[in-house]
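Residue numbers (my numbering): 413 to 751.
Written out as structure tokens, the structure is:
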């Protein structure tokens, strides 16, 4: 149907679109597809910065009784500092597994994930999404690392030259001038977090997981897909098809894509690249950000890839009655089992 509107064109394109490297239409074996798809995804992500010496600086340390929470600043590349909350369980028997914990959109960045309740607004943010999973998982016996993504928390630019525009989109456009994208930079930063974990005397560098909610789920999916040092992951409130939340609803931003991604892959194809490593996918039946039926379709499509990989028992679902939130029901046991 002809129309004046770009939105109608995008929706019509999405309705008939099959990504070129979507597993279900590839006709390839899992191993052949994974090699081809991973190479294409790496190409789409583009270049990462050159790493520099991390030069970690512990800025503060707080004893919370059963855990110690540290504010740590890392040098990731020549231009960039990254602040993190590193939370360490006190009662340990040797080295313990570590989990990278990614925040999503919102005003508080890493602070909510680490359980920083320093205002009524911060308290509400945590309570509304059960958001302090970094603190919760530390209390379950894991070292947790929660950084600010670029453009969020302490890393949000202090001066906004273009008011009322999404800074994710502005930064995406600026990066596009150089062929560098926020998604790729954040994946790079999570790789640097792993480099840091490998130096920690409390952490076992061979047992590293990742988890995140919403945009944090995006980061967990893409980072785990391309970073083999992550041995298991929990994707919370993500992996619904691009045709719905992105094209139809416009419910995404420049920090969550790279150019051409939907030409080749849907979200569940990216999640399928995590196989054969263990993956938990959390879905809220009352999610008012991403529709449950679409989340569940994403899970089923990802599960089909795990079945093709011969490891259907290594993907799990945590379907809970809540909304766009961390369930907390299956994740502790999942990570204890697989890490």
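By construction, the Cβ of each residue, glycine as well, lies at the ideal position given by its N, Cα and C atoms.
Beta carbon proximity, residue i to chain C, threshold 8 angstroms
i           : result
residue 432 : This model lacks chain C altogether; it includes just one protein chain.
Residue i versus residue j: straight-line alpha-carbon distance, rounded
i           : j           : result
residue 489 : residue 464 : 5 angstroms
residue 418 : residue 427 : 14 angstroms
residue 635 : residue 669 : 12 angstroms
residue 541 : residue 532 : 15 angstroms
residue 713 : residue 497 : 34 angstroms
residue 707 : residue 626 : 12 angstroms
residue 526 : residue 628 : 14 angstroms
residue 578 : residue 572 : 10 angstroms
residue 445 : residue 575 : 44 angstroms
residue 513 : residue 595 : 16 angstroms
residue 640 : residue 547 : 25 angstroms
residue 750 : residue 624 : 17 angstroms
residue 397 : residue 675 : Within the shown structure, residues of the chain are numbered from 413 to 751, placing residue 397 beyond reach of any answer.
residue 558 : residue 420 : 39 angstroms
residue 733 : residue 688 : 28 angstroms
residue 605 : residue 487 : 10 angstroms
residue 416 : residue 425 : 15 angstroms
residue 611 : residue 492 : 20 angstroms
residue 657 : residue 506 : 44 angstroms
residue 566 : residue 414 : 46 angstroms
residue 537 : residue 482 : 21 angstroms
residue 539 : residue 709 : 28 angstroms
residue 586 : residue 593 : 9 angstroms
residue 590 : residue 530 : 38 angstroms
residue 466 : residue 452 : 29 angstroms
residue 469 : residue 607 : 14 angstroms
residue 528 : residue 447 : 41 angstroms
residue 580 : residue 725 : 37 angstroms
residue 543 : residue 582 : 27 angstroms
Exposed unless 16 or more other CB atoms sit within 10 angstroms - verdict on residue i
i           : result
residue 694 : buried
residue 504 : exposed
residue 644 : buried
residue 745 : exposed
residue 495 : buried
residue 562 : buried
residue 618 : exposed
residue 598 : buried
residue 649 : buried
residue 569 : exposed
residue 739 : buried
residue 655 : buried
residue 552 : buried
Beta-carbon separation (whole angstroms), residue i vs residue j, contact threshold 8 angstroms
i           : j           : result
residue 747 : residue 554 : 7 angstroms
residue 638 : residue 620 : No, residue 638 and residue 620 are not in contact; Cβ-Cβ is about 14 angstroms, not under 8 angstroms.
residue 471 : residue 484 : 7 angstroms
residue 622 : residue 632 : 5 angstroms
residue 730 : residue 741 : 6 angstroms
residue 721 : residue 442 : 4 angstroms
residue 461 : residue 600 : 6 angstroms
residue 646 : residue 743 : 5 angstroms
residue 727 : residue 691 : 5 angstroms
Residue nearest to residue i in terms of C-alpha spacing, selected from the options
i           : options            : result
residue 534 : 518, 600, 640      : 518
residue 659 : 429, 416, 509      : 429
residue 501 : 440, 577, 511, 452 : 511
residue 672 : 588, 495, 467      : 588
residue 653 : 544, 416, 423, 723 : 423
residue 584 : 667, 646, 549      : 667
residue 614 : 450, 499, 749      : 499
residue 735 : 710, 711, 704      : 704
residue 685 : 420, 421, 449, 438 : 449
residue 616 : 582, 556, 586, 528 : 556
residue 550 : 567, 509, 530, 538 : 509
residue 711 : 651, 657, 656      : 651
residue 560 : 580, 516, 655      : 516
Is it the case that the stretch 714-733 contacts the stretch 478-486, given that we only count it when at least three CB pairs across the two stretches are under 8 angstroms?
no
Say whether the stretch 653-671 touches the stretch 693-700, bearing in mind that this needs 3 or more beta-carbon pairs closer than 8 angstroms, one atom from each stretch.
no
contact_flag[the stretch 446-456, the stretch 512-524] where n(CB pairs < 8 angstroms) is 3 or more
no
Any contact of the stretch 673-690 with the stretch 431-449, i.e. 3+ C-beta pairs under 8 angstroms?
yes
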